[in-house]
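Per my numbering, residue 1 is the first one in the sequence shown, and the count goes up by one each step. The beta carbon of each residue, even a glycine, is placed where N, CA and C say it ideally should be.
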Amino acid sequence: MSGHPLFDLSGKRGYVTGAGSGLGRAIACGLAEAGASVVVSDINPDAAHQVADEIRSASGQQACPLQTDVAQAAAVEELVNFTVEQLGGLDFAFNNAGILKIVKPENLSLEDWHAELDVDMTGVFLCAQAAGRYMIAHGGGKIINTASISGLVVNSGLTYSVAKAGVIQLTRVLAMRWARHRVYVNCFSPGYIRTGMTAPHLTRPEVEQEMVRQTPLRRVGEPQDLLGTAIFLAAPASDFVTGQNIIVDGGVTLA
1 MSGHPLFDLS GKRGYVTGAG SGLGRAIACG LAEAGASVVV SDINPDAAHQ
51 VADEIRSASG QQACPLQTDV AQAAAVEELV NFTVEQLGGL DFAFNNAGIL
101 KIVKPENLSL EDWHAELDVD MTGVFLCAQA AGRYMIAHGG GKIINTASIS
151 GLVVNSGLTY SVAKAGVIQL TRVLAMRWAR HRVYVNCFSP GYIRTGMTAP
201 HLTRPEVEQE MVRQTPLRRV GEPQDLLGTA IFLAAPASDF VTGQNIIVDG
251 GVTLA
């Protein structure tokens with residue numbers, strides 16, 4: 001790894017959930033390029049294996065795939081234990097896995113409500129809790145949660161927006177409670193990013209045009225636009241930063 005030592009992740013070890021595609025994939029690959037060893041966690045085992053292979057080929061860093069359903073507490077415990085066993089420790093935890101369902105509030109079933117909250121908010125809590133327990137017992141670490149501007153502004157995804165607002169406040173509370181243990185907890189809120197999750201909506205030209213119109217930088221973001229923030233939050237550069245939500249949205253929330 002070359003570059004400023006404040007952003008060097010050489011010797012750092014951690015996991016990224018939802019790393020089989022989209023933003024999680026970009027984050028896992030970017031952390032490895034910065035020198036980290038990574039567990040590639042995804043509910044799709046084939047996708048996790050593919051990304052781990054890509055990382056090993058591109059950067060030479062250790063990358064271990066693992067299938068994980070973040071809505072299941074036992075699976076999350078396995079993720080933390082697997083990371084420690086395979087990599088030798090847990091220095092950072094990227095809680096990124098999420099799903100998005102757009103349903104009119106009047107038509108939203110209780111089943112769909114719980115299904116999305118179980119992944120988008122409870123899953124983040126379970127991962128942060130399990131990682132936090134390990135880090136408290138082992139001298140600290142960095143927990144990074146993927147939130148969204150949907151947690152800050154009103155849009156059409158009711159359950160997603162509620163979950164992401166919860167992630168932002170969860171981050172703040174955990175940061176306050178765990179600061180004395182040198183466990184840093186931060187999150188970042190992407191704007192309109194082109195990923196597999198948003199792709200079905202971006203196939204409609206009028207939807208992408210509206211996203212571009214709402215973004216002062218006049219384009220839809222790409223997963224790589226989040227890498228600088230992701231590396232910063234995992235690296236020594238953020239050693240005096242905790243409880244923060246970093247907005248990476250091309251200016252959408254300025255309005």
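Closest Cα partner of residue i within the set the options
i: V248; options: I193, A36, L9 and P236; result: I193
i: Y184; options: T146, A255, A115 and Q244; result: Q244
i: V258; options: T17, Q86, P105 and L110; result: Residue 258 lies beyond the residue range present for the chain, which begins at 1 and ends at 255; the question has no answer from this structure.
i: N95; options: I27, P105 and W113; result: I27
i: A19; options: N44, L6, F125 and R204; result: N44
Residue i versus residue j - alpha carbon distance
i: E206; j: R218; result: 14 Å
i: G251; j: Q214; result: 8 Å
i: G157; j: I102; result: 5 Å
i: G140; j: Q209; result: 44 Å
i: G24; j: N107; result: 30 Å
i: A75; j: G166; result: 22 Å
i: D239; j: A130; result: 21 Å
i: V162; j: T171; result: 14 Å
i: G221; j: T195; result: 9 Å
i: G323; j: A32; result: Past the edges of the chain, shown from 1 to 255, lies residue 323, and the structure says nothing about it.
i: A255; j: D46; result: 41 Å
Cβ-based neighbour list, residue i, same chain, cut-off 7 Å, excluding 5 preceding and 5 following
i: T253; result: I149, L152, V153 and I247
i: G132; result: I143, L174, W178 and V183
i: G88; result: R13
i: A115; result: none
i: S109; result: none
Cβ shell of residue i (< 6 Å), same chain only, five flanking positions each side left out
i: V39; result: Y15, C64, L66 and T83
i: Q62; result: S37
i: L164; result: For the sequence presented, residue 164 should be read as Lys rather than Leu. Closer than 6 Å at Cβ, skipping near neighbours: A147, S148, S150 and G151.
Cutoff 7 Å: residue i Cβ touching any chain D Cβ
i: T229; result: Of the chains in the structure shown, none is chain D; there is only one protein chain.
Close beta carbons around residue i, own chain, < 8 Å, minus the five adjacent residues each side
i: C29; result: V51, E54, I55, A58 and S59
Can you check the segment 140-165 for any beta strand (DSSP E) of at least 3 residues that lies completely inside it and give the ranges in chain order?
Listed in chain order, the complete beta strand (DSSP E) runs (minimum 3 residues) inside the segment 140-165 are 141-146.
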